[in-house]
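Printed below as a string of C-alpha cells:
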C-alpha cells in the first residue's frame with residue numbers, strides 16, 4: 001500500500017488521559033482511534049494486525065477440530081435467566097426493543113451455544129465436538145483504563161466443547177492447552193506467557209489462565225521457572241503457596257496480563273438448559289462442557305506492551321501489518337522510478353509492503369514514522385543507494401543496516 | 411470436512427412461523443439457526459458462504475481504493491444528536507451504562523466515520539479517500555419476517571467516500587456503480603439485478619439501489635429492459651413514469667429485493683460535524699461525501715431465493731460452501747478406502763470438499779441431503795463405481811451424471 005494514500009497519519013499529540021502504553025503507541029502510529037472510553041475503531045494498519053492474530057487463532061482452533069460459527073450479539077433475557085446470569089453477570093449491557101422485550105449484548109456465549117448444540121446433538125454418537133467464533137463482545141466495564149487490554153467492546157475468540165465423559169473433556173482440555181501455547185508462540189508472546197493455575201469453580205479444582213508478564217498487567221502471578229507454570233494470587237492458598245507440579249515454594253511474583261483462559265464447565269450450563277445425551281446404554285446424562293477464550297484485541301495490546309522501544313512498536317513478523325516498509329528519499333525522478341519498480345516487484349512477488357512515497361515529507365520524519373509504526377524490515381531507496389544499485393536494508397529490531405543489490409529482490 | 415464430524419444436521423422440521431423460503435431452506439440444510447425473530451446464528455456451512463460473499467465484496471472495494479477498518483457498534487448519543495438522527499432514525503437500538511450515559515448500537519456509521527476522517531484529513535491534498543468496513547449492524551425492526559433478508563442483527567458492508575468537489579464524487583460514484591455490478595455478477599445475481607433509481611434526498615435528485623428480481627422482495631420496481639435500469643415505485647413521479655436513460659415508458663413492474671444502495675450524501679454529515687477542508691486557495695469548504703452499502707447476509711438470502719429448486723439450494727460456485735460433495739455408499743472396506751483416498755487427493759490439491767462419510771445413513775438420505783445443501787458438484791463412490799475405477803460425477807444444476815476415472819482427479 002502507498003502511504004500517500006493511507007487515510008490515517010501518525011501523530012505526536014494524543015489525549016493526556018490515555019495512560020496505557022499500548023494505547024499511546026497504537027494511537028500515535030495510527031493503528032486505532034478512540035471513540036470513547038474503552039471503545040476503539042480499528043484503523044487500516046490495526047485491522048491488518050488484528051486479522052493476522054485472528055487467523056493464527058483460527059488455524060490453531062481448526063487443528064483441534066473446532067467448527068467456526070457466528071452467534072448473535074443480541075441475546076434474549078430468557079436464556080440468561082435460565083442460567084441465573086441475568087442478575088449475577090455484572091457487566092452485561094442490557095437493552096429492550098419497541099415491545100419492551102429485553103436483551104443482553106453477548107458478553108460470553110454459553111447461553112446461546114448450549115441450546116444451539118442441544119438442537120443438533122443428543123446421541124452419544126454425536127460427541128465430542130467443539131464450536132467457536134471470532135466475534136465482537138460487549139462488557140459494561142465501569143472503568144476501562146488499559147487501552148485495548150480491557151475494552152467495553154472488544155474482539156474475542158470463544159470456543160465451547162461438548163463431551164460425554166469427564167475423561168474425554170480432560171483429554172481435550174490438554175490438547176487445548178497445547179493449542180493455546182502454540183497461539184502465543186506464533187504471536188511472539190511464547191517466552192513471556194505462562195500457563196497459570198486459577199480458581200476453578202464448582203466442577204473443577206482449577207481453571208487455567210495464560211498470563212503474559214508485563215508491568216501493564218492487572219494481575220499478580222507467582223511463577224515456578226523450573227516448570228514454566230504460575231499461580232494466580234487468588235489460587236495461592238489452594239496450591240499451598242507452592243508449584244502444583246514440582247511442589248517447590250520458590251515462586252517469583254510478577255505483574256501479568258491475562259491473554260486467555262480455559263475452563264472446565266462440567267455440567268453447569270447443560271444442567272441449566274437440561275441438555276442431556278442418550279448414552280450407549282440408553283440412559284440419559286448431562287453433557288459435560290469446557291470453554292476456551294482468547295481476546296485478539298487484548299493479544300494485540302499485549303504484544304505492543306512487550307514489543308516496543310523508545311521509538312515505537314517492534315512487531316513480530318507473524319503479526320506485523322506489512323513485512324517491508326519501503327521508503328523513498330528525495331524527489332529525483334530516477335530514484336523515484338527505482339523505488340516504484342522495487343515496490344511493484346515486491347508486491348507482485350506476494351510480499352506485503354507499505355511504500356512511503358510521500359512527496360512532501362523529509363527523511364527524518366519518514367524514519368521516525370517507520371520506527372513508530374514498527375514494520376519488521378525497512379528498505380530505503382535514495383540517490384546514495386541508487387549509485388550502488390542497492391537498497392539499504394535495516395531490521396526494526398537491529399541497529400545496523402546493510403546495502404543489498406536491487407536485483408536480489410526480484 | 412467430514413460430514414460425520416459436522417455438528418449440524420439437516421432437518422425436515424422447522425417452525426411453521428418461518429414463512430420465507432430463504433429461511434426455510436437455510437434452516438433445513440443447517441446453514442443458519444434462529445435465536446429469535448430477525449436474529450440468526452450463522453452455522454459452519456453458512457459461515458463459509460458468508461465469508462465468500464464478504465471476500466468478493468472486500469476484493470471489489472479494495473479495487474476502488476477502499477481502506478478497510480472496523481468501527482465500534484457502541485456509539486455515543488452525542489454523535490447522533492449532532493446529526494439529528496438520535497430521534498429521527500426510528501430503528502436505533504438504544505441503551506445506557508451504569509452511569510446512565512446513553513448509546514446507540516450502530517445501525518449505520520456516518521456518525522462515527524465523519525469525525526474519524528476529520529481527525530486525519532483536512533487539506534485538499536489528502537483527498538479523495540474512502541473508508542469501509544464489514545461489520546454486524548443492529549436495527550430495531552418492528553416485524554422482521556423475511557428470514558435473513560431483513561434481520562435485526564445482520565452483516566453489512568458500509569463504505570464512505572470523501573471528496574473536495576462534486577465532480578470528483580460524481581466520478582467516484584460511477585466507479586462504485588461498476589464495482590457493485592461486479593459484486594452481483596460474481597455472486598451469481600448479475601442477470602436479475604438492476605441499477606434502480608430511487609429518491610435522493612437534499613443533495614442529489616436520485617440515489618441508486620441495486621434490486622434483484624424475486625417474488626420474495628418487498629419492493630416494486632419498474633424495469634426498462636432496453637437500458638437494464640429500473641425505477642423504484644417512490645421515484646416514478648420524479649422520472650415522469652419513464653426510463654431516465656431512453657425516456658421510454660415501456661416499463662415492466664416486478665417484485666424485487668434491495669441488495670445494495672449507493673447515495674450521494676453531499677455535505678449533510680460534514681456540515682453537521684463542521685468537517686471542512688482547506689482548499690488550494692487557502693479557503694475552507696465542507697467536505698463532500700458519498701455512502702455505499704451492501705448487506706452480505708441479505709445477499710446470501712437473496713441468492714437462495716433465486717438459486718434453488720424443489721429439492722433444495724443450488725449455490726453458484728463462487729459462493730458455495732464447498733466445491734465438491736463427495737459421498738461414499740455402503741460399508742465395503744475397499745469402497746471406503748477409495749473414497750478416503752479421493753478425499754485426501756482432492757483436499758491436498760486445495761479443493762474444498764464436504765465428505766459424506768456417515769456410516770449409518772442410507773444412499774437415499776445422503777442424496778437428499780446433498781440436494782438440500784446444494785454444493786455444485788456431487789461425487790459418488792460405491793461398489794458399482796469402484797468396478798469401473800471411477801467416481802460418478804453430477805452437477806447440482808444438471809439432471810445427468812457421468813462416470814469419471816478416479817485417476818483424473820489426481
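Chains as they are written, first to last, in this note's numbering: chain A, 1 to 410; chain H, 411 to 820. Glycine is no exception: its CB is placed at the ideal position from the N, C-alpha and C atoms.
Inter-residue spacing [alpha-carbon to alpha-carbon] between residue i and residue j
i: residue 33 of chain A; j: residue 528 of chain H; result: 12 Å
i: residue 673 of chain H; j: residue 701 of chain H; result: 5 Å
i: residue 656 of chain H; j: residue 637 of chain H; result: 7 Å
i: residue 121 of chain A; j: residue 48 of chain A; result: 37 Å
i: residue 747 of chain H; j: residue 773 of chain H; result: 18 Å
i: residue 516 of chain H; j: residue 166 of chain A; result: 42 Å
i: residue 549 of chain H; j: residue 157 of chain A; result: 25 Å
i: residue 835 of chain H; j: residue 237 of chain A; result: The structure shown does not extend to residue 835 of chain H, since chain H is modelled only from 411 through 820, so no value can be given for it.
i: residue 229 of chain A; j: residue 503 of chain H; result: 45 Å
i: residue 127 of chain A; j: residue 162 of chain A; result: 7 Å
i: residue 414 of chain H; j: residue 800 of chain H; result: 23 Å
i: residue 202 of chain A; j: residue 285 of chain A; result: 18 Å
i: residue 357 of chain A; j: residue 386 of chain A; result: 16 Å
i: residue 817 of chain H; j: residue 807 of chain H; result: 25 Å
i: residue 445 of chain H; j: residue 435 of chain H; result: 16 Å
i: residue 271 of chain A; j: residue 1 of chain A; result: 52 Å
i: residue 463 of chain H; j: residue 164 of chain A; result: 37 Å
i: residue 409 of chain A; j: residue 19 of chain A; result: 42 Å
i: residue 388 of chain A; j: residue 333 of chain A; result: 17 Å
i: residue 600 of chain H; j: residue 267 of chain A; result: 50 Å
i: residue 142 of chain A; j: residue 37 of chain A; result: 10 Å
Residue range of the unbroken beta strand (DSSP E) whose run includes residue i
i: residue 253 of chain A; result: 252-266
i: residue 232 of chain A; result: 229-232
i: residue 355 of chain A; result: 353-356
i: residue 378 of chain A; result: 377-381
i: residue 738 of chain H; result: 734-738
Limits of the unbroken alpha helix (DSSP H) element including residue i
i: residue 24 of chain A; result: 21-29
i: residue 748 of chain H; result: 743-758
i: residue 492 of chain H; result: 487-493
i: residue 364 of chain A; result: 363-373
Per DSSP, cross-strand counterpart(s) of residue i
i: residue 444 of chain H; result: H:450
i: residue 686 of chain H; result: H:696
i: residue 224 of chain A; result: A:229
i: residue 477 of chain H; result: H:541
i: residue 803 of chain H; result: H:789 and H:812
i: residue 606 of chain H; result: H:619 and H:640
i: residue 412 of chain H; result: H:765
i: residue 309 of chain A; result: A:312
i: residue 629 of chain H; result: H:666
i: residue 701 of chain H; result: H:570 and H:673
i: residue 484 of chain H; result: H:515
Proximity test, residue i beta-carbon vs the ligand HEM heavy atom, cut-off 7 Å
i: residue 592 of chain H; result: The ligand HEM is absent from the structure shown, which contains no ligands of any kind.
Chain B within 8 Å of residue i, Cβ atoms only
i: residue 659 of chain H; result: The structure shown contains no chain B; the protein chains it does contain are A and H.
Review point. Are at least three pairs of beta-carbons, each pair with one atom in the region 57-64 of chain A and one in the region 100-107 of chain A, less than 8 Å apart?
Key: no
Practice item. Just list the alpha helix (DSSP H) runs in the region 140-194 of chain A, keeping only unbroken ones of 4 residues or longer that don't cross its boundaries, in chain order. Key: 166-186
Check your understanding: Three or more C-beta pairs closer than 8 Å, one from the region 555-562 of chain H and one from the region 701-720 of chain H: is that the case here?
Key -> yes
Exercise for review: Please determine if the region 646-657 of chain H and the region 493-503 of chain H are in contact, where contact requires at least 3 C-beta pairs separated by less than 8 Å.
Suggested key: no
Practice item. Please specify which runs of the beta strand (DSSP E), each continuous and at least 3 residues long, are wholly inside the region 95-140 of chain A, giving them in chain order. Key: 102-105 and 129-138
Practice item. Count the C-beta pairs between the region 152-162 of chain A and the region 470-486 of chain H that are closer than 8 Å, then say yes if the count reaches three, no if not. Key: yes
Point to revise | Three CB pairs or more closer than 8 Å across the region 472-481 of chain H and the region 39-47 of chain A | key: yes
Check your understanding: Contact between the region 378-387 of chain A and the region 334-348 of chain A: three or more CB pairs below 8 Å?
Key -> yes
Exercise for review: Would you check if there are 3 or more beta carbon pairs closer than 8 Å linking the region 247-258 of chain A to the region 205-220 of chain A?
Suggested key: yes
Practice item. Take every Cβ of the region 382-389 of chain A, pair it with every Cβ of the region 316-334 of chain A, and state whether three or more of those distances are shorter than 8 Å. Key: yes
Check your understanding: Given 8 Å as the limit, is there contact between the region 276-296 of chain A and the region 9-28 of chain A, that is, 3 or more CB pairs closer than that?
Key -> no
Exercise for review: Please determine if the region 355-375 of chain A and the region 311-324 of chain A are in contact, where contact requires at least 3 C-beta pairs separated by less than 8 Å.
Suggested key: yes
Check your understanding: If we count Cβ pairs, one from each stretch, closer than 8 Å, do we get three or more for the region 597-604 of chain H versus the region 573-588 of chain H?
Key -> no
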